[in-house]
Amino acid sequence: MEKEIKAIILAAGKGKRMNSTMPKVLHEIFSKPLLGWVIEAVQKLGHEIESIVVIGHQSHDVEEYLNNNYKYVKTTFQKEQLGTGHAVAQAIPLLNQFKGDVIITCGDTPLITTKTLRNLIKYHRENDSDLTVMTAKFDNPKGYGRIIRSPKGEVVSIIEEKDANETQKEIKEVNTGVYCAKWTKIRHAFTQLSNNNAQGEYYLTDIITWSKKQNLKVLGYTTDDNNEIYGINSRKNLAYATKLMKDRKIDELLESGVTIVDPQTTYISPETQIEPDTIIYPNTYINGKNKIAKFCKIGPMTHIRGNCEVGEGSKIGNFVELKNAKIAKKSNVCHLSYIGDAKIGSNVNIGAGTIFANYNSITKEKKKSVLSDGVSIGSNSVIVAPVEIKQDAFIAAMSCITKDVEESSLAMTRSPQKEVKNWVKIKKEKN
Ligand code: UD1
Ligand code: CA
Numbered sequence: 048m049e050k051e052i053k054a055i056i057l058a059a060g061k062g063k064r065m066n067s068t069m070p071k072v073l074h075e076i077f078s079k080p081l082l083g084w085v086i087e088a089v090q091k092l093g094h095e096i097e098s099i100v101v102i103g104h105q106s107h108d109v110e111e112y113l114n115n116n117y118k119y120v121k122t123t124f125q126k127e128q129l130g131t132g133h134a135v136a137q138a139i140p141l142l143n144q145f146k147g148d149v150i151i152t153c154g155d156t157p158l159i160t161t162k163t164l165r166n167l168i169k170y171h172r173e174n175d176s177d178l179t180v181m182t183a184k185f186d187n188p189k190g191y192g193r194i195i196r197s198p199k200g201e202v203v204s205i206i207e208e209k210d211a212n213e214t215q216k217e218i219k220e221v222n223t224g225v226y227c228a229k230w231t232k233i234r235h236a237f238t239q240l241s242n243n244n245a246q247g248e249y250y251l252t253d254i255i256t257w258s259k260k261q262n263l264k265v266l267g268y269t270t271d272d273n274n275e276i277y278g279i280n281s282r283k284n285l286a287y288a289t290k291l292m293k294d295r296k297i298d299e300l301l302e303s304g305v306t307i308v309d310p311q312t313t314y315i316s317p318e319t320q321i322e323p324d325t326i327i328y329p330n331t332y333i334n335g336k337n338k339i340a341k342f343c344k345i346g347p348m349t350h351i352r353g354n355c356e357v358g359e360g361s362k363i364g365n366f367v368e369l370k371n372a373k374i375a376k377k378s379n380v381c382h383l384s385y386i387g388d389a390k391i392g393s394n395v396n397i398g399a400g401t402i403f404a405n406y407n408s409i410t411k412e413k414k415k416s417v418l419s420d421g422v423s424i425g426s427n428s429v430i431v432a433p434v435e436i437k438q439d440a441f442i443a444a445m446s447c448i449t450k451d452v453e454e455s456s457l458a459m460t461r462s463p464q465k466e467v468k469n470w471v472k473i474k475k476e477k478n
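Under this note's numbering, read the sequence shown as residues 48 to 478, first letter to last.
Laid out in structure tokens, this is it:
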């Protein structure tokens, strides 16, 4: 699939209804911009598949994000947002030599999956189509372009809601905004579109009628997962898309054998892997890329912030925050702790209220701590990185550890306990 596919992703719009100082496509779900989810769905089609992102509104910020995060992405600038067809036209100079299939999609539909894109391409190729539009059937199609089919069932055009008459508005089949096309066949359409419509825009949807006039083969591929094309136009949409994304992940985990006690209050990023027979208790938030092995117990009220690994049979309990922490097998961090930038062995016990001090706010540096197998940390201790605590060492409660600790040693930094005999009695007698 790889070499002959490129994607054009439309992301130049302002996203007015977000009421934001940020461009819409940089708003995040599970700490990844909407645009990032779309680009990654495309990239997973095959190694080195190039995406051309049409940028415009606050293009500087969008470009910076893309440059910092993605290798196979090019950008093209749409100075004025004159419509989706005009947006695609901006990609023409970057596709002069290209003879393969082009996927066109939008940067504000983060739930699209690689599987669905792959099915679209497969359908397009198996039927030797020139232009295939992905459609979906909605009970409430409001706001979407409607698919007009001939009595024989052929796709003949797309009518935008604002241009539709009452009968057309009744149509439940909508344009998802995702297309697959033979680039050499449709490239000339974009310079021939008109803006003679209700919004005065150059509509991408008009390539359907253009292609029909050229006697090209136009097909509709209907997807059955409507959630995938859910587009984000407002903060309300963003919140709902987050819910859809987490529900999708949770369903997948439940299916695979992970127990999730309360799916409603549990958030797990799609990029986290969890093995069967692990239990996730309520109010747990797992963000970013993590790996959690089997037979673990996570939560309730645990926050895992990314780049973490939890080994088989380990427990991460209530009010524990993990960030960039690798924890081996059968270790416990059961209550009220923060573990950041750490490597922790197996059979380690971290007492309640332990804090890994990993950040120096003056130098802005983050340092790492290493705890070997069998280490025990007493409650309310602070482990100041960088520090290494060797095998089976024991840290007394309330210690502040700033130096390495040798194997099997006891380390403590708290002051010795004092006792004043009969202190209470004396006080009472004086009163
Ligand atoms: C579009 C489709 C509609 C479809 C819907 C699916 C058209 C004319 N309409 O409508 O049929 O049902 O998507 O979600 O194509 N953009 C640019 N430059 C522009 C205009 C838009 O880059 O000049 C980008 C936007 O940033 C956005 C995408 O194109 O990512 C879609 O634009 P939007 O205005 O949201 O189109 P819809 O009205 O949703
Ligand atoms: Ca939209």
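No residue lacks a Cβ here, since even glycine has one placed at the ideal position from N, Cα and C.
Assess, as a yes-or-no matter, whether the stretch 63–76 is touched by the stretch 118–136 under the definition of 3 or more beta carbon pairs within less than 8 Å. Taking a cut-off of 8 Å on C-beta distances, the stretch 118–136 does not touch the stretch 63–76, as fewer than three cross pairs fall below it.
So, for residue 188: in the same chain, excluding its five sequence neighbours on each side, which residues have a beta-carbon less than 6 Å away from its beta-carbon? Against the sequence shown, residue 188 aligns to sequence position 141. If we look at residue 188 and ignore the five residues flanking it on each side, its Cβ neighbours are 219 and 221.
So which of 359, 332 and 352 has the shortest CA-CA distance to residue 322? Numbered from 1 along the sequence shown, position 275 holds the residue referred to as residue 322. Out of 359, 332 and 352, 359 has the C-alpha closest to the C-alpha of residue 322.
Does residue 462 pass the burial test, meaning 16 or more other C-beta atoms within 10 Å, or should it be called exposed? Position 415 of the sequence shown, counting from 1, holds the residue named residue 462. It counts as exposed.
Measure the CB-CB distance between residue 341 and residue 319 and report whether it falls below 7 Å. Working through the sequence shown from its first residue, we reach residue 341 at position 294. Working through the sequence shown from its first residue, we reach residue 319 at position 272. Cβ atoms of residue 341 and residue 319: not closer than 7 Å.
May I ask whether a heavy atom of ligand 1 can be found less than 6 Å away from the beta carbon of residue 301? Translated into positions along the sequence shown, residue 301 becomes position 254. False, no ligand heavy atom lies under 6 Å from that Cβ.
Using the Cβ count rule (16 or more neighbours within 10 Å means buried), how would you classify residue 84? The sequence position of residue 84 within the sequence shown is 37, counting from 1. Result: buried.
Three-way DSSP call (helix, strand, coil) for residue 65 in this model: Start at 1 with the first residue of the sequence shown, and residue 65 comes out as number 18. Reduced to three states, the DSSP call for residue 65 is helix.
Compute every distance between the C-beta of residue 395 and the non-hydrogen atoms of ligand 1, then say whether any falls below 6 Å. In the sequence shown, the residue the question calls residue 395 occupies position 348. Every heavy atom of ligand 1 is 6 Å or more from the Cβ of residue 395, so no.
Cβ neighbour criterion (16 or more within 10 Å) applied to residue 282: As a first step, residue 282 is located in the sequence shown; it is residue number 235 there, counting from the start. Counting C-beta atoms within 10 angstroms of its own C-beta, residue 282 has fewer than 16 neighbours from the protein chains shown and is therefore classed as exposed.
When burial is assigned at 16 or more other CB atoms within 10 Å of the CB, is residue 337 buried or exposed? To locate residue 337, count along the sequence shown from 1; it is residue 290. Classification for residue 337: buried.
Below 6 Å, is the gap between the Cβ of residue 148 and the nearest heavy atom of ligand 1? Taking the first residue of the sequence shown as position 1, residue 148 is located at position 101. No, ligand 1 has no heavy atom inside 6 Å of this Cβ.
Rounded C-alpha distance that separates residue 446 from residue 423: Here the question's residue 446 lines up with position 399 in the sequence shown. Here the question's residue 423 lines up with position 376 in the sequence shown. If you take the alpha carbons of residue 446 and residue 423, they lie about 12 Å apart.
For the alpha helix (DSSP H) holding residue 89, just list the boundary residues, first then last. Your numbering for residue 89 matches position 42 in the sequence shown. First-last of the alpha helix (DSSP H) with residue 89: 81–90.
Since residue 416 is in the beta strand (DSSP E), which residue starts that stretch and which ends it? Taking the first residue of the sequence shown as 1, we reach residue 416 at position 369. From DSSP, the beta strand (DSSP E) with residue 416 extends over 416–418.
Do residue 251 and ligand 1 come close, with the Cβ less than 6 Å from some heavy atom? What you label residue 251 is simply residue 204 of the sequence shown in a count that begins at 1. Yes, Cβ of residue 251 sits closer than 6 Å to a heavy atom of ligand 1.
Cα-Cα, which of 367, 182 and 151 is closest to residue 269? Taking the first residue of the sequence shown as 1, we reach residue 269 at position 222. Measuring from the Cα of residue 269, the nearest candidate turns out to be 182.
Where are the beta strand (DSSP E) runs, 3 residues long or more, that stay fully inside the stretch 213–275, in chain order? Those beta strand (DSSP E) runs which fall completely within the stretch 213–275 and span 3+ residues are 220–229 and 265–269.
Looking at the structure shown, is residue 311 part of a helix, part of a strand, or coil, going by DSSP? Locating residue 311 in the sequence shown gives position 264, counting from the first residue. Helix.
Secondary structure of residue 75, DSSP reduced to three states: Residue mapping note: residue 75 aligns to position 28 of the sequence shown, counting from 1. Residue 75: strand per DSSP, three-state reduction.
Is there at least one non-hydrogen atom of ligand 1 closer than 6 Å to the beta-carbon of residue 202? One-based indexing of the sequence shown puts residue 202 at position 155. No, since every heavy atom of ligand 1 falls outside the 6 Å radius drawn around the Cβ of residue 202.
Since residue 152 is in the beta strand (DSSP E), which residue starts that stretch and which ends it? For this step, residue 152 is matched to residue 105 along the sequence shown. Membership of residue 152 in the beta strand (DSSP E) is indicated by the continuous run 148–153.
Run through the stretch 301–386 for me and flag every whole beta strand (DSSP E) of 3 or more residues, listed as ranges in chain order. Within the stretch 301–386, the complete beta strand (DSSP E) segments of 3 residues or longer fall at 337–339, 355–357, 362–365, 368–374 and 379–382, listed in chain order.
Complete runs of the alpha helix (DSSP H) confined to the stretch 152–181 [at least 4 residues]: Qualifying alpha helix (DSSP H) stretches, in chain order: 161–173.
Return the residue from the list 115, 286, 112 and 155 that minimises the CA-CA distance to residue 88. Sequence index remark: in the sequence shown, residue 88 carries index 41 (1-based). Nearest C-alpha to residue 88: 155.
Under 8 Å by Cβ, that's how I've got residue 59 and residue 125 pegged, so tell me the actual separation to the nearest angstrom. On the sequence shown, residue 59 is found 12 positions in, with the first residue counted as 1. On the sequence shown, residue 125 is found 78 positions in, with the first residue counted as 1. That belief holds up - the Cβ atoms of residue 59 and residue 125 are roughly 4 Å apart, short of 8 Å.
Residue 209: first and last residue of the uninterrupted alpha helix (DSSP H) it sits in: In the sequence shown, the residue the question calls residue 209 occupies position 162. Counting along the chain, residue 209 falls outside any alpha helix (DSSP H), and DSSP gives it neither H nor E.
Quick one: is residue 111 buried, meaning 16 or more other Cβ sit within 10 Å of its Cβ, or exposed? Locating residue 111 in the sequence shown gives position 64, where the first residue counts as 1. When all chains shown are included, residue 111 counts as exposed.
Does the beta carbon of residue 59 fall short of 6 Å from some heavy atom of ligand 1? Counting from one through the sequence shown, the residue named residue 59 turns up at place 12. Yes, Cβ of residue 59 sits closer than 6 Å to a heavy atom of ligand 1.
Beta-carbon separation (whole angstroms), residue 291 vs residue 280, contact threshold 8 Å: Taking the first residue of the sequence shown as 1, we reach residue 291 at position 244. Taking the first residue of the sequence shown as 1, we reach residue 280 at position 233. The C-beta separation of residue 291 from residue 280 comes to about 15 Å, leaving the pair out of contact by the 8 Å criterion.
With C-beta atoms as the reference, is residue 380 less than 7 Å away from residue 402? Walking along the sequence shown from the start, residue 380 turns up at place 333. Walking along the sequence shown from the start, residue 402 turns up at place 355. Taking 7 Å as the Cβ cut-off, residue 380 and residue 402 do not qualify as a contacting pair.
Contact under 7 Å by Cβ, residue 200 with residue 252: Locating residue 200 in the sequence shown gives position 153, counting from the first residue. Locating residue 252 in the sequence shown gives position 205, counting from the first residue. Between residue 200 and residue 252, the C-beta gap is not smaller than 7 Å, which leaves the two residues out of contact.
Could you spell out the range, first to last residue, of the beta strand (DSSP E) harbouring residue 1? As shown, the chain starts at 48 and ends at 478. That puts residue 1 outside it, with no answer to give.
Give the C-beta separation of residue 443 and residue 425 to the nearest angstrom, bearing in mind that I take them to be a contact with Cβ-Cβ under 8 Å. Taking the sequence shown and counting its residues from 1, the one referred to as residue 443 is at position 396. Taking the sequence shown and counting its residues from 1, the one referred to as residue 425 is at position 378. Yes, they are in contact, since the Cβ atoms of residue 443 and residue 425 sit about 5 Å apart, within 8 Å.
Residue 222 beta carbon near ligand 1 (any heavy atom closer than 6 Å): The count along the sequence shown starts at 1 and reaches residue 222 at position 175. Yes, since a heavy atom of ligand 1 falls inside the 6 Å radius drawn around the Cβ of residue 222.
Tell me residue 97's beta-bridge partners as DSSP assigns them. Translated into positions along the sequence shown, residue 97 becomes position 50. For residue 97, which the question treats as bridged, DSSP gives the partners 53.
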